[in-house]
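K.L.:
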Amino acid sequence: MTHRGRHRRRRRGTALRATLAGAALALTAAATMISASQAEVVEDTGGLKPLTAADTGPLRLTEHQVPRRWLGRLSSAMGDPVGVGTVLAHADRTLRDGDGCTEEDREALPVAPAATRAYCFADADTRGWSPGAVTTSGDADDDGRWGRHRVILSAWSRADGTAGQGLARVSFVDADHTARPAYASALLVVPVDGGQDYRALSSPVSGMVWYQDKLLVTAGAGDRAGLYVYDLDRIQRATAEGAAVGRVPGGWAAYGERYVLPAVASYAMSAAPGAARPAALSLDRGTSPASLVAGESVPADAGRPTRLWRYALSADPARRGLPAADADGHVDAREAYETRATAVGGVLSHRPVGADRADWYLGTAGAWDGRGTLWRQNTAGAHTTECGADHSQRCWSGRAGSLSYWPETGEIWSQSGRMLFALPLSAVDGALG
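Under the working numbering, the first residue of the sequence shown is numbered 100, with each subsequent residue one higher.
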């Protein structure tokens, strides 16, 4: 090769390197612009706006109890009900500690503040299922235990377009053993035909609260009820395998699950214009009586605010674990607000010691990479976490899930993707400033 040919090749090589360097600089600049736009796009939601009593009519629920004779008939046919302890004693699946989870799973964890405990469900057990809400025995009883156990409940909904589309189940996680917690699941169902059979709930569960012996779960938009209630002392054993749900020749099926939870009550939505459907739920033990905190999920492009509210829980021993209702079965909101935050996936109300008002914590969904934002709001204003060199506010979990506070440990529990995680409320407040 001549000197001139080598020179031309060097010039072409130099030009190519310059082109790649220019492209790299352009990509870096674009990434910086995108990162900056992500940091700026989350606007200050401002303080909560209190709603008047006249504005809370659309938040009313009406109670419908499942007749006790229906539940008795179902138990007579299926066998004596069991409790949470029996389910945990037969837990045959395990969670992996966060360090042993895949990098893809761990991407769902918050950036700031970081989770201090994390576990993941196995792909084989969650394939075709979408994660839903979380609640714990910290909600159920003020000592944080159910009997002698610490327990976490994790809801999952079938969302794969198959015949099981819309099914919902709850996994009972034994939190006494923190290395590899074991769990077992129960399918959520609704008694039908006078208690001679049951159907699947067929509704995604985005909010869930365990209070005393009751489990309250949200119902999806296709259901006439806003909430369903389950009695955790009335867990039934399934006796048949397979993908069927309900009574089958030779027994009772639960889409392959070992246990079934039949609903004991439901709460119908208000018929008033603009009725609100609870999408996120949590428990607030800081009110007297304790209260069920709820929030709706309003898309970012809806052009209207999101409503947050609370229902008082009954202090009547005969209504253990149920919302307080009047003689006509109506359950009305005791406190309600509007917020400019949208796509709310988790809501929590907590009053710091000595404070004259409660703080409301909201986990909201993200847009670009799916990472969400965590807000703390009250009537005076709002704060959000920041992370990274660009002070992005997209610091929360990959998919903003429900929030559950465990007073005994001071932790908030949540779930995103296959990751179940916890972090101290004090760390959240520290990150929020």
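For each residue, glycine too, the CB sits at the ideal point set by N, CA and C.
Would you mind giving the Cβ-Cβ distance between T234 and W309, rounded to the nearest angstrom? I have them listed as a contact below 8 angstroms.
P.N.:
At roughly 4 angstroms, the Cβ-Cβ gap stays under 8 angstroms, so T234 and W309 are in contact.
K.L.:
One question on the structure: do D273 and A281 come within less than 7 angstroms of each other, judged by their Cβ atoms?
P.N.:
Yes, they are a contact pair.
K.L.:
Buried or exposed for E510, please, with buried defined as at least 16 other CB atoms from any protein chain shown within 10 angstroms of its CB.
P.N.:
Burial call: buried.
K.L.:
Thinking C-alpha only, which one of A188, Y358, A371 is nearest A79?
P.N.:
With the chain covering only 100 through 532, there is no way to say anything about residue 79.
K.L.:
When the Cα atoms are used, what is the spatial distance from W169 to V363?
P.N.:
If I take the Cα positions, the gap works out to 9 angstroms.
K.L.:
Measure the CB-CB distance between R216 and A530 and report whether it falls below 7 angstroms.
P.N.:
In this structure, A530 does not lie closer than 7 angstroms to R216 by Cβ.
K.L.:
Which value, in whole angstroms, describes the spacing of the CA atoms of I133 and E206?
P.N.:
In this prediction, I133 scores a pLDDT of 35, lower than 50, which makes its location untrustworthy; no coordinate-derived value is stated.
K.L.:
Note the first and the last residue of the continuous alpha helix (DSSP H) segment covering G184.
P.N.:
Element bounds for G184: 183-188.
K.L.:
Between A499, T463, L147, G156, which has its C-alpha nearest A374's C-alpha?
P.N.:
For the residues A499, T463, L147, G156, the minimum Cα distance to A374 belongs to G156.
K.L.:
Rounded to a whole number of angstroms, what is the C-alpha to C-alpha distance between W467 and R493?
P.N.:
Since pLDDT at W467 reaches only 49, below the 50 mark, its modelled position is unreliable, and no value is offered.
K.L.:
Can you list, in chain order, the residues of its chain whose CB lies under 6 angstroms from that of G394, leaving out five sequence neighbours each side?
P.N.:
Once the five neighbours on either side are set aside, the close Cβ partners of G394 are A379, L407, V443, V446.
K.L.:
Are the region 304-322 and the region 234-245 touching by the rule of at least three beta carbon pairs closer than 8 angstroms?
P.N.:
The region 304-322 vs the region 234-245: in contact.
K.L.:
With a cut-off of 7 angstroms, does the C-beta of T201 fall near any C-beta of chain B?
P.N.:
Looking at the structure shown, chain B is missing, and only one protein chain is on hand.
K.L.:
What span of residues does the alpha helix (DSSP H) with E203 cover, start to end?
P.N.:
Its alpha helix (DSSP H) spans residues 202-205.
K.L.:
Do the region 281-290 and the region 264-273 touch if we need at least three Cβ pairs shorter than 8 angstroms?
P.N.:
Contact between the region 281-290 and the region 264-273 is present, because at least three Cβ pairs lie under 8 angstroms.
K.L.:
Let me make sure I understand the geometry here. Which of P506, L473, D400, V430 has the alpha-carbon closest to that of V452?
P.N.:
For V452, the nearest C-alpha among the options comes from P506.
K.L.:
List the whole-angstrom C-beta distance separating Y366 from L391, where the pair is believed to meet the contact cut-off of C-beta under 8 angstroms.
P.N.:
The Cβ separation is near 10 angstroms, so there is no contact.
K.L.:
Could you tell me which residues DSSP puts in a beta bridge with P230?
P.N.:
P230 pairs with W255.
K.L.:
With burial defined as no fewer than 16 other Cβ atoms inside 10 Å of the residue's Cβ, what is the status of R249: buried or exposed?
P.N.:
Buried, by the Cβ-count rule.
K.L.:
Could you tell me the boundaries of the alpha helix (DSSP H) in which V527 lies?
P.N.:
Where V527 is concerned, the enclosing alpha helix (DSSP H) stretches over 524-531.
K.L.:
For Q335, count neighbouring C-beta atoms within 10 Å of its own C-beta (all shown protein chains included) and say buried if the count is 16 or more, exposed if not.
P.N.:
Counting Cβ neighbours within 10 Å, Q335 comes out buried, since at least 16 surround it.
K.L.:
Helix, strand or coil, according to DSSP, for W169 in the structure here?
P.N.:
Reduced to three states, the DSSP call for W169 is helix.
K.L.:
Which same chain residues, not among the five before or five after V181, have their C-beta less than 7 angstroms away from its C-beta?
P.N.:
Contacts found: I334, R336.
K.L.:
Mapping the DSSP letters down to three states, classify T225 as helix, strand or coil.
P.N.:
DSSP places T225 in helix when its eight states are reduced to three.
K.L.:
Straight-line CA distance for V289 to T161?
P.N.:
Straight-line Cα distance between these residues: approximately 17 angstroms.
K.L.:
What's the call for R247, buried or exposed, on a 16-neighbour Cβ count within 10 Å?
P.N.:
Exposed.
K.L.:
Tell me whether G197 sits in a helix, a strand or coil according to DSSP, three-state version.
P.N.:
Residue state, collapsed to three classes: helix.
K.L.:
Buried or exposed: which applies to A129, given that a residue is buried once 16 or more other Cβ atoms fall within 10 Å of its Cβ?
P.N.:
At A129 the pLDDT is 36, less than 50, meaning the model places this residue with poor confidence; the figure from the coordinates comes in the next sentence. Classification for A129: exposed.
K.L.:
In its own chain, which residues sit with a C-beta less than 8 angstroms from the C-beta of P404, not counting the 5 before and 5 after it?
P.N.:
Cβ within range, chain order: K148, V397, E437, T438, R439.
K.L.:
Mark A153 as exposed unless 16 or more other C-beta atoms lie within 10 angstroms of its C-beta, in which case mark it buried.
P.N.:
With fewer than 16 Cβ atoms within 10 Å of its Cβ, A153 is classed as exposed.
K.L.:
Please go through the same chain and pick out, in chain order, the residues whose beta-carbon is closer than 8 angstroms to the beta-carbon of D224, but skip the five residues on each side of it.
P.N.:
Here the set comprises R192.
K.L.:
Suppose the cutoff is 6 angstroms on Cβ atoms and the five residues either side in sequence are ignored; what does the same chain contact list for D383 look like?
P.N.:
So the qualifying residues of the chain are S390, V392, S448.
K.L.:
The beta strand (DSSP E) with G294 in it runs from where to where?
P.N.:
Counting along the chain, G294 falls outside any beta strand (DSSP E), and DSSP gives it neither H nor E.
K.L.:
Whose C-beta lies closer than 8 angstroms to the C-beta of G323 among residues of the same chain, with five residues either side of it excluded?
P.N.:
Note on residue identity: the sequence assigns Arg, not Gly, to residue 323. So the list reads A367, M368, once near-sequence residues are dropped.
K.L.:
Out of V316, V344, G243, G145, state which residue places its alpha-carbon closest to the alpha-carbon of L421.
P.N.:
Comparing Cα positions, the closest option is V316.
K.L.:
Out of curiosity, what's the CA-to-CA distance linking V527 and A278?
P.N.:
If I take the Cα positions, the gap works out to 24 angstroms.
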